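A short write-up of the structure that comes next.
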Amino acid sequence: WSWHGGDRRLQELPLPALSGEHQLMNAAAAIQVLQAVSDRLPASEPAIRQGLTSVHLAGRFQYIEGDVPVLLDVAHNPQSVKILADHLALRFQNHRIRAVFSIMRDKDIEGVVERIKDRIACWYLAPLAMARAASENELMEVMQRLSVSEVRCGFPDAARAYAAANSEAQEGDLVVIFGSFFLVSELLARIA
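For what it's worth, my numbering labels the leading residue of the sequence shown as 42, then goes sequentially.
What follows is the structure in structure tokens.
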């Protein structure tokens, strides 16, 4: 891909190491920022190329291989969840998706679930020990309104929700953990 801004052009750049087509827009924005501050913080073309190929963001499309592979993503609003759903459709179209899910009650829960529900075969509602987190009852109400029928709940904590998704998974399944930075952080510490 190529980037140009002002009088600077960068040709045949490597794709960003982060997954998702939207990362090209993010990379272009980052290069534009570097261009804007180049008088105070110059970045050479080799440094930009290295940055593109070595960038890492824990919890964003983070794939962990295993008997049951896991994809962790901090998507927590309808826009970011649509990107996650598109990524799943593109990269994991032949996988049955088991989602370990929790979200804060001040988010657009219905909009989030609506954007991805057709990609998820089974939901595992993961409780978080914080007042701001949506309760199991709140999540179940959304699931019922949106006619989502394959939902597992009643877990004492997020770790047990993940364990259930992992143990029920069959060959070809993918466990996706998403909906909250807190959920992804908690389970990433256990899995990685």
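Glycine residues also receive a C-beta, built at the ideal position from the N, C-alpha and C atoms. Nothing here was measured: the structure is a model prediction, and the numbers come from that model.
Please classify residue i: does DSSP put it in a helix, a strand, or coil?
{"i": "His45", "result": "strand"}
{"i": "Phe219", "result": "strand"}
{"i": "Val312", "result": "Outside the modelled stretch of the chain, which goes from 42 to 233, sits residue 312, for which no answer is possible."}
{"i": "Ala174", "result": "strand"}
{"i": "Asp80", "result": "coil"}
{"i": "Val192", "result": "strand"}
{"i": "Leu228", "result": "helix"}
{"i": "Arg50", "result": "strand"}
{"i": "Leu240", "result": "The question about residue 240 has no answer here: the residues shown for the chain are numbered 42 through 233."}
{"i": "Ser85", "result": "coil"}
{"i": "Ser60", "result": "coil"}
Report all residues from its chain with a CB closer than 7 Å to the CB of residue i; omit the five preceding and five following residues, and keep chain order.
{"i": "Asp149", "result": "Asn118, Pro119"}
{"i": "Val111", "result": "Ile105, Val216, Ile218, Ile232"}
{"i": "Arg90", "result": "Leu54, Pro55"}
{"i": "Leu37", "result": "Only positions 42 to 233 of the chain appear in this structure, which leaves residue 37 out of reach."}
{"i": "Leu98", "result": "Leu59"}
{"i": "Glu155", "result": "Leu187"}
{"i": "Gln52", "result": "Ser43"}
Here's a check: name, in chain order, each residue in its chain whose Cβ is nearer than 8 Å to the Cβ of residue i, leaving out the five neighbours to either side.
{"i": "Phe133", "result": "Leu112, Leu215"}
{"i": "Gln76", "result": "Gly46, Gly47, Arg49"}
{"i": "Gln211", "result": "Arg137"}
Tell me which residue opens and which closes the beta strand (DSSP E) that residue i is part of.
{"i": "Arg137", "result": "137-142"}
{"i": "Leu166", "result": "163-166"}
{"i": "Gln103", "result": "103-105"}
Regarding residue i and the ligand MN, is the C-beta to nearest heavy atom distance less than 7 Å?
{"i": "Arg139", "result": "Within the structure as shown, the ligand MN is missing, as the structure has no ligands at all."}
Just curious, the alpha helix (DSSP H) that residue i is in, first and last residue?
{"i": "Gln64", "result": "64-77"}
{"i": "Gln120", "result": "119-132"}
{"i": "Glu151", "result": "150-157"}
{"i": "Arg201", "result": "199-209"}
Can you pull the DSSP bridge partners for residue i?
{"i": "Arg90", "result": "In DSSP, Arg90 forms no bridge with anything."}
{"i": "Asp214", "result": "Arg137"}
{"i": "Met145", "result": "Ala174"}
Inset, instruction - Kindly confirm or deny that the stretch 82-96 and the stretch 122-131 touch, where touching means at least three C-beta pairs closer than 8 Å. - result: no
Legend entry - Segment contact, 8 Å Cβ cut-off, at least three pairs: the stretch 186-200 with the stretch 155-171: Segments in contact, yes.
Legend entry - Any 3 or more C-beta pairs closer than 8 Å across the stretch 172-188 and the stretch 202-212: no
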